[in-house]
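Beneath this line is the structure, given in C-alpha cells, with notes to follow.
2 protein chains.
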Amino acid sequence: MNRLAIGIDLGGTMIKAALVQRGEGLVVEKARDTEASHGPDHVLDRIAELIRSVADEAPDAVISGIGIGAPGAINWERTSVVQPPNLPGWGVVNLREALQARLGDELPVFVENDANLAGLGSAHYGRGRPYPSFIMVTLGTGVGGAIIYDRKIFRGTTGAAAEIGHMTINFAGDIDRYGIAGSIEAYLGQKYLSRYGRHKLLTRHESIIHRMAGKDLKNLTPLMLYEAACNGDEPAREILRWAGHKLGVVLGASINLLDIRKVVIGGGLSAAGDFIIEAARKSIREYVIPDHRDEIEIVRETLGNEAGMLGAAHLVFQSLDEEAVRSPA
Amino acid sequence: MNRLAIGIDLGGTMIKAALVQRGEGLVVEKARDTEASHGPDHVLDRIAELIRSVADEAPDAVISGIGIGAPGAINWERTSVVQPPNLPGWGVVNLREALQARLGDELPVFVENDANLAGLGSAHYGRGRPYPSFIMVTLGTGVGGAIIYDRKIFRGTTGAAAEIGHMTINFAGDIDRYGIAGSIEAYLGQKYLSRYGRHKLLTRHESIIHRMAGKDLKNLTPLMLYEAACNGDEPAREILRWAGHKLGVVLGASINLLDIRKVVIGGGLSAAGDFIIEAARKSIREYVIPDHRDEIEIVRETLGNEAGMLGAAHLVFQSLDEEAVRSPA
Chain A
1 MNRLAIGIDL
11 GGTMIKAALV
21 QRGEGLVVEK
31 ARDTEASHGP
41 DHVLDRIAEL
51 IRSVADEAPD
61 AVISGIGIGA
71 PGAINWERTS
81 VVQPPNLPGW
91 GVVNLREALQ
101 ARLGDELPVF
111 VENDANLAGL
121 GSAHYGRGRP
131 YPSFIMVTLG
141 TGVGGAIIYD
151 RKIFRGTTGA
161 AAEIGHMTIN
171 FAGDIDRYGI
181 AGSIEAYLGQ
191 KYLSRYGRHK
201 LLTRHESIIH
211 RMAGKDLKNL
221 TPLMLYEAAC
231 NGDEPAREIL
241 RWAGHKLGVV
251 LGASINLLDI
261 RKVVIGGGLS
271 AAGDFIIEAA
281 RKSIREYVIP
291 DHRDEIEIVR
301 ETLGNEAGML
311 GAAHLVFQSL
321 DEEAVRSPA
Chain B
1001 MNRLAIGIDL
1011 GGTMIKAALV
1021 QRGEGLVVEK
1031 ARDTEASHGP
1041 DHVLDRIAEL
1051 IRSVADEAPD
1061 AVISGIGIGA
1071 PGAINWERTS
1081 VVQPPNLPGW
1091 GVVNLREALQ
1101 ARLGDELPVF
1111 VENDANLAGL
1121 GSAHYGRGRP
1131 YPSFIMVTLG
1141 TGVGGAIIYD
1151 RKIFRGTTGA
1161 AAEIGHMTIN
1171 FAGDIDRYGI
1181 AGSIEAYLGQ
1191 KYLSRYGRHK
1201 LLTRHESIIH
1211 RMAGKDLKNL
1221 TPLMLYEAAC
1231 NGDEPAREIL
1241 RWAGHKLGVV
1251 LGASINLLDI
1261 RKVVIGGGLS
1271 AAGDFIIEAA
1281 RKSIREYVIP
1291 DHRDEIEIVR
1301 ETLGNEAGML
1311 GAAHLVFQSL
1321 DEEAVRSPA
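Line order of the protein sequences matches chains A and B.
If you're matching positions, the first sequence starts at 1 in my numbering and goes up one per residue.
If you're matching positions, the second sequence starts at 1001 in my numbering and goes up one per residue.
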C-alpha cells in the first residue's frame, strides 16, 4: 500500500512529472511545455495528460495519489494555488478539484509550495536524510526556504512559513522586491549579487570575469562568479565569500529562533556552494548563541530539480499515512 | 482528573509556588528566599518545603504534579536544568529525581525554561488565549522569547528554541553579551537601551529625565524612560519609539520565518509597552512579506510574574494529557 505516487513540478515554462517509488526514487520522469499563455483550463488539461502518460509507463502500478508543487502561496487544505507568480492571471485555482474532474474523484491530490517540497524531497531522498529536522535554503533567482521539522514540512499558521529570503539582516540595508530593507535576498538574490559583483569588479581589473562577460559587466551572472572562482579568480572568490557571510548571518538568526541546527543548501546557485558555504559556516557561529554552536552542519543538496518531484510524491505518502492514523479501519 | 497542579518559578533570589486550578488560575500562592548561596541540596529542600506548604493549604486537593520553570537550558526530557545562570555552580541538576526523592516517587515533575512557561501561561490564562499560535517576547534585563504553536511550546530539536533576543537585525551592529553583533538584545536589553538613552539625552536638556536621574544620566533606567514618556516627555518617547522600531524589525523577520502573526509582549519592561508597541506595530509591516501583513496583532500581556507559575502548572496538565493519549487505558 502507498508504494507509488506521482510527483509534479508545475513551472511557468515546463511541467515535470515523475512516478516515484517510496523510499527508492524516480521510476519514470516526463516533461512538457506548460503553455501558460493558453490559460488555466489548458494547463490543467496538459497536467492531466502528463499524469496519464506517466501512469501508462507502469500499467500494473497502483498509484496512491498525485502531489503537485507550485510557487507562491498554497491554501492550508493543500488543494489550491493562490496567484502563482509564474502563472499570471490564475488567481485561486483548486488543483485538486480540477484534476479529480479530469482523472477521477477517487484519486487523492495534494498541493504544496515548491520550496517546501524541495525540502521534503531532500528530507527523504537527498542530503537531508540524516537529519530529522533541518532548514533548507534554495539559492536561485531569489532565496527560498523550507523548514523540515521531524521529517515534515513546518507550515506555520497558514501554510506560508520559511520565508527566509525576506528576513532582514540589516534593517537599514537595500530593499528587496517586496520593499523589505536588508533582507537576505537583497544580498544573495541573483540581481542583487550580480550588482554587488559589478561594483566590486570595477576596481579589480585582474579578474577573468571582465573577459568572461565580454568586457561588459552588465552581463555578469552569479554562475559566472562561480566559474571564475573555480578557476582561481580571487576577486570572484571574495564576492562569493561576502555572500556566504550574509547567508551565515540569516542562518544564525534562524537557528536561534528555531533551534534547528542542520542546514541544506539547494537551488541553481548552490553549485557555487563551496565558496559560499565555507564562508557561511564561519559566520554562522558568530551569530548563534553559544548553546546552539555545537552540532551545526551545513551541506549542499546534490539532488537537482528532481527534489521537488520527489517531495511532491512523498507528500502523498505522508498525507495518506496520517489519514490512516486518524481514521483506523 | 488533572484539575490541580503546582507551578513553581525558581529564581536566583526567590522561589515562588502556586496551586493552580486548570482553566481558572491561581488558588494559593507562596514564596520564599532561594538562599542559593547554600548550594543545590539546600535549595531543593526549600522547594520541597514550599510545595508541602502550598499543598497543605488545600488538604483535600488531588495534585496531579509539579511544573518548574528555571532560566537557561533545560534537557529534552524536561527533567533537568543545565547550568541555570541565576544559580551559579549548579551544573546539571535533575530536579525531577531530586523532588521525587523528597516528595514521593509517584509525583510527576516537569521542568521547562521560564520564558517558555511565561508563554504557555499567556496561552492558557493570559492575553494569548485567543491565539492558537503566537510569538511571546519578554522585555526585561534581556530579551527572552517563546514560540507557542498550536497552544504548546515549540521546542526545536533540543528544547532551546525561541532565542529571539539574540537574533541579529544588523550584522554590523554593537555586540550583545554573547558577542553577537546587532542582536535585538543589543538594542532593547536594559543595559543597551539605557546607554542609547544616555547618548540621546546628552543634547536634549529639556527632558525631565535629567531631573529624575538626579542630574546624572548614569542612573538612567528603561523604567525612567517609561515614566517620563507617560508624563509627556518627548525625548523619552522618541527613545522608546526607536526601541519599538527595532522590536518590529525582529518580529517581522520572525513572522517571515514562522508564519505566526500574533505577538504577545511580556516582562518587566512591557509596562513601557504602549510607546514601544505602537512603534513596533508600524515597523513590523515594513519587514514582513505582503502575504503575512494581514492579521498581524501585537498585544501586551497583563499577567505579571504569575504567568510563569500558571504556565508551569499547565505544563503538568498538558504533559499528562499527552501521556494519556499515548497509553490509553
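From the three backbone atoms N, C-alpha and C, an ideal C-beta is built for every residue, glycine too.
Query: Backbone CA spacing between B:S1037 and B:R1078 [nearest angstrom]; Result: 25 angstroms
Query: Any C-beta of chain B under 9 angstroms from that of A:P88; Result: no
Query: The stretch 1226-1239 of chain B in contact with the stretch 1155-1166 of chain B per 3-pair CB rule at 8 angstroms; Result: no
Query: Contiguous beta strand (DSSP E) assignments of at least 3 residues, all confined to the stretch 93-179 of chain A; Result: 109-113, 134-139 and 143-149
Query: Range covered by the beta strand (DSSP E) that runs through B:I1239; Result: Note, B:I1239: premise wrong, no beta strand (DSSP E); alpha helix (DSSP H) at E1234 to L1258.
Query: Meets three-Cβ-pair contact criterion under 8 angstroms: the stretch 251-263 of chain A and the stretch 105-114 of chain A; Result: no
Query: Under 7 angstroms from the C-beta of B:M1167: neighbouring residues of chain A; Result: A253, N256 and L257
Query: Partner residues on chain A for B:E1331, Cβ-Cβ distance less than 9 angstroms; Result: Within the shown structure, residues of chain B are numbered from 1001 to 1329, placing residue 1331 of chain B beyond reach of any answer.
Query: A:R129 to A:T34 span [Cα, whole Å]; Result: 31 angstroms
Query: Opening and closing residue of the alpha helix (DSSP H) in which A:I265 lies; Result: Unbroken run through A:I265 is the beta strand (DSSP E), K262 to G266; no alpha helix (DSSP H).
Query: A:S53 classed as buried or exposed, judged by whether at least 16 other C-beta atoms fall within 10 angstroms; Result: exposed
Query: Span of the alpha helix (DSSP H), counted from its first residue to its last, around A:K191; Result: Q190 to L201
Query: CB contact below 9 angstroms: A:A279 versus chain B; Result: no
Query: Beta-carbon separation (whole angstroms), A:A146 vs A:A118, contact threshold 8 angstroms; Result: 7 angstroms
Query: Closest Cα partner of A:N116 within the set A:D259, A:G267, A:P222 and A:E29; Result: A:G267
Query: Spatial distance of A:E297 from A:A48 (CA atoms); Result: 40 angstroms
Query: Residue closest to B:L1004, alpha-carbon to alpha-carbon, out of B:A1313, B:Q1190 and B:Q1318; Result: B:A1313
Query: Neighbour flag for A:I74 against chain B, beta carbons, 9 angstroms; Result: no
Query: Chain A contacts from the stretch 1193-1206 of chain B (Cβ-Cβ distance under 7 angstroms); Result: none
Query: Reduced DSSP category for A:E323 - H, G, I as helix; E, B as strand; rest coil; Result: helix
Query: Cβ pair A:S133, A:D105 closer than 9 angstroms; Result: no
Query: Residue-chain proximity (B:I1180, chain A), Cβ-Cβ < 9 angstroms; Result: yes
Query: Contacting residues, own chain, Cβ-Cβ under 8 angstroms from A:I169 (five flanking each side not counted); Result: G182, S183, I184, Y187, K246, V249, V250 and A253
Query: 9 angstroms Cβ cut-off: residues of chain A touching B:S1133; Result: G156 and T157
Query: B:V992 versus B:G1011, B:L1044, B:V1043 and B:S1064, residue with shortest Cα-Cα distance; Result: Lying outside 1001 to 1329, the shown extent of chain B, residue 992 of chain B is not represented and no answer is given.
Query: Alpha carbon of B:I1180 to alpha carbon of A:R281, nearest angstrom; Result: 15 angstroms
Query: Local conformation of A:G273 per DSSP, three classes; Result: helix
Query: From B:L1315, B:M1309 and B:E1322, residue whose alpha carbon lies closest to that of B:I1008; Result: B:M1309
Query: Chain B within 9 angstroms of A:V249, Cβ atoms only; Result: yes
Query: Spatial neighbours of B:F1231 in its chain, beta-carbon cut-off 7 angstroms, leaving aside the 5 residues before and after; Result: Checking the sequence, you will find Asn at residue 1231 of chain B rather than Phe. Counting only Cβ-Cβ distances below 7 angstroms, and skipping sequence neighbours, we find I1208.
Query: 7 angstroms Cβ shell around B:V1093 - same chain, five flanking residues per side excluded; Result: P1040, S1080 and V1081
Query: Reference B:T1138, options B:A1123, B:H1042 and B:G1165, closest by Cα; Result: B:G1165
Query: Contacts that B:N1116 makes with chain A (C-beta to C-beta distance below 9 angstroms); Result: By Cβ distance, chain A contributes nothing, its closest Cβ being about 11 angstroms from B:N1116, past 9 angstroms.
Query: B:K1016 (DSSP reduced to helix, strand or coil); Result: strand
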